[in-house]
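Undergrad: Counting in the working numbering, the final residue of the sequence shown is number 552, and the numbers go up one at a time with none missing.
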Amino acid sequence: MKTYPKALLRAAVLLVVALLVGGAARAESGVDSWSALQDSIDRAEDGEIITLSEDLKALDADAQITIPAGKRLTLDLNGHVLDSAMNPRQTERKRCVIKIQEGAMLTLRDSGGSGVLTGGFHDNGGGVWNLGTLIMEGGCVTCNTALDSGGGVANYGTMVLTGGSVQGNTALRDGGEVFNEAKARLTVGGDVVIGNDEAKHSGICNEGALTVIGAQNNEARIEDMPTLKHVIANLSAIPIAVLLLALLLTVWLDAYLSAERKRVMGVIIVLVFSLILQNYMDNRLSLAEVYNALRIPVSIYGYAIRPVILVMFLYIVKPRGRYRVAWAMVGANAAVYLTAFFSNIAIYFSSNGHFHAGPLRHTCTLISAVLYAWLFWLTMRQFRPRQRTESWIPILVTALIGGAAIMDFTVAFIEQPVAYLTMAIAISCVFYYTWLHLQFVREHEDALVTGQRVQQMLSQIKPHFLHNALTLIIDLCDTAPQKAKEATVEFSRYLRGNMESIDRTGPISFEKELEHTKL
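1) Would you mind working out which of S198, G158, N202 and P450 sits nearest G171, comparing C-alpha positions?
2) Are at least three pairs of beta-carbons, each pair with one atom in the segment 324–337 and one in the segment 360–379, less than 8 Å apart?
3) Going by beta carbon distance, what residues of the same chain come within less than 8 Å of G103, once the five residues before and after it are set aside?
4) I need the straight-line Cα distance from I506 to E476, nearest angstrom please.
5) Please classify A326: is it buried, with 16 or more other beta-carbons within 10 angstroms of its beta-carbon, or exposed?
6) Using a threshold of 8 Å, state whether the C-beta atoms of S100 and L70 are closer than that.
7) Could you check what DSSP says for L327 in three-state terms: helix, strand or coil?
8) To which residues of the same chain is H470 closer than 7 Å at the C-beta, ignoring the five residues directly before and after it?
9) Taking just the CA atoms, how far does P121 sit from L110?
10) Could you check whether T203 and I168 sit closer than 8 Å to each other, using their CB atoms as the reference points?
11) Can you find at least 3 beta carbon pairs, one from the segment 377–388 and one from the segment 400–419, that sit closer than 8 Å?
12) On the criterion of 16 or more Cβ atoms from any shown chain inside 10 Å, does W285 qualify as buried, or is it exposed?
13) Taking only the alpha-carbon atoms, compute the straight-line gap between N188 and Y453 and give it to the nearest angstrom.
14) Excluding five sequence neighbours on each side, which residues of the same chain lie with their C-beta closer than 8 Å to the C-beta of F464?
15) What did DSSP end up calling L347 once you bin it into helix, strand or coil?
16) Between the Cα of M298 and those of A359, M314, I342 and D315, spot the shortest distance and give me the residue it belongs to.
17) Shortest alpha-carbon distance to A270 belongs to which of P340, V451, A406 and V245?
18) So, helix, strand or coil for S73, using DSSP?
19) According to DSSP, D116 sits in a beta bridge with which residue or residues?
20) Going by DSSP, name the residue or residues bridged to Y381.
21) Rounded to the nearest angstrom, how far is the Cβ of V225 from that of G196, given a contact under 8 Å?
22) Any idea what DSSP makes of L141, helix, strand or coil?
23) Within 10 angstroms of the Cβ of V64, are there 16 or more other Cβ atoms? Answer buried if so, exposed if not.
24) In terms of DSSP beta bridges, what is V199 paired with?
25) Determine the DSSP secondary structure at N366, reduced to helix, strand or coil.
26) If I follow the unbroken alpha helix (DSSP H) through N316, where does it start and stop?
27) Starting from L469, follow its DSSP beta bridges and name the residues at the other end.
28) Based on the DSSP secondary-structure assignment, which residues constitute the bridge partners of W410?
29) Which residue wins for smallest C-alpha separation from S66, given the options L310, A91 and G158?
30) Smallest Cα separation from F306: which of R296, I458 and R126?
31) Short check: CB of A179 to CB of G158, under 8 Å?
32) Between which two residues does the beta strand (DSSP E) holding L108 run?
33) Tell whether a beta-carbon distance below 8 Å holds between L347 and A359.
34) Might you give, ordered along the chain, the residues of its own chain that have their beta carbon closer than 7 Å to the beta carbon of R59, omitting 5 neighbours on each side?
35) What is the rounded straight-line gap between the Cα of D508 and the Cα of Q515?
36) Using CA coordinates, which residue listed in I74, L89, I460 and A517 is at the minimum distance from L280?
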């Protein structure tokens, strides 16, 4: 955390404002309806001041007030109310009050002293959804709702708050009042109330760069969350990497794994490790100030490689299996995400690097679910656990992966350096290997028991014994054919008893052993 004199920071803020709006023509225009306000914004020239002449309430057919890309203007509430009139309990529609697009700049002021932005309901930023630049000099943002983050204001660009207040808003996830995204920059003056009056800035959920200019002293507080996340990223990958290295060493030393299975397990560990590196690199690129062209191939690799890991586990369970359908699914998944180079149907990034998902965004999840179901079925079929409790390990792995996927979608908007799903995949590799190792040990034990039974049978059937018995039967065929027939039947029963003892798992009764000896 760094501190700077308050006067210097205020001067810097004023300089930024002057550079952004200075030199532009200014004219005032009164508006008397929601649609008229949008028309005035669309026709406004750079630096124009639009002043409300009365309270404005949106109609059902109206859209949110949008500041288009390239526009730089001032909206003066003039003591009036701008009401989006959305009731979350009575409508499924979503409409914030104001949306500022990328490349646009809005200065919000209130010359009347009682202006309000209210009634917004949206995924992010119920009151104001800022993707460009917002300078708030006055007005009150209140009674707005966001399903995700930023009940009052969701800042994904640059935001400077020198006056006004953001109070009484609601968000179901983060930032009931103000949410500052990972790459966003937020500067707040000490007199601005965000949240309750006792803790003026208690309503800020900061994931980006935040500067708070103190009102009580001559210092300011600066939080640089991206820098902190870089440190977390460096630390969070270490335990997972150590876990994978330990697993690799264990697999290499495992005497119960065949050389082929060891190679496949080694490939799996390398792929999981590469997925961790992909997560780490994607996180670093997402926090960059400008869009980096590497984000597309890095993201594509992450989506494409996950199904491959599942297919490789199929080879662990059944090395000689044919998995053409599985590889076809892997290829189709990769093809869908490769469209990111020229289409928006799967994933794409805006000019400032924000991630967006297309209609086919869940392709990787669906294909991975099918492949895991296949893996689970094949595992149960190949090994058939002897104890019911053993079946819970693959089920636990399923729950772990499913829960991690849900967490990636629902746990806040914190930029995880390594995704929960990637962590779950790494841990699941350990669980699944441990479970398979138990099965391979049992296979080895069964092979030893079978070998011992064969040795026992051979110990009872010696070559010289067979030679003598067969020679006697041959002699009887000439001298006593009936006795030769009876001897042949008894000898076959003796051999059959020895052969059946190989498959017998329980003890042999004394009566049967005695009868067998008499033969």
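In this text, a Cβ means the ideal position worked out from N, Cα and C, and glycines have one as well.
TA: With the structure as the only source:
1) S198
2) yes
3) G136 and A137
4) 41 Å
5) exposed
6) Sequence inspection shows Ile at residue 100; the Ser mentioned does not correspond to that position. Result no, Cβ atoms of I100 and L70 do not sit closer than 8 Å.
7) coil
8) D287 and Y289
9) 25 Å
10) no
11) no
12) exposed
13) 25 Å
14) I426, L429, V430 and L433
15) helix
16) I342
17) V451
18) helix
19) K90 and T151
20) H389
21) 6 Å
22) strand
23) buried
24) V174 and I227
25) helix
26) A292 to S319
27) In DSSP, L469 forms no bridge with anything.
28) According to DSSP, W410 bridges with nothing at all.
29) A91
30) I458
31) yes
32) R105 to D109
33) yes
34) At R59 the pLDDT is 48, less than 50, meaning the model places this residue with poor confidence; the figure from the coordinates comes in the next sentence. Counting only Cβ-Cβ distances below 7 Å, and skipping sequence neighbours, we find G80, E81 and I82.
35) 12 Å
36) I460
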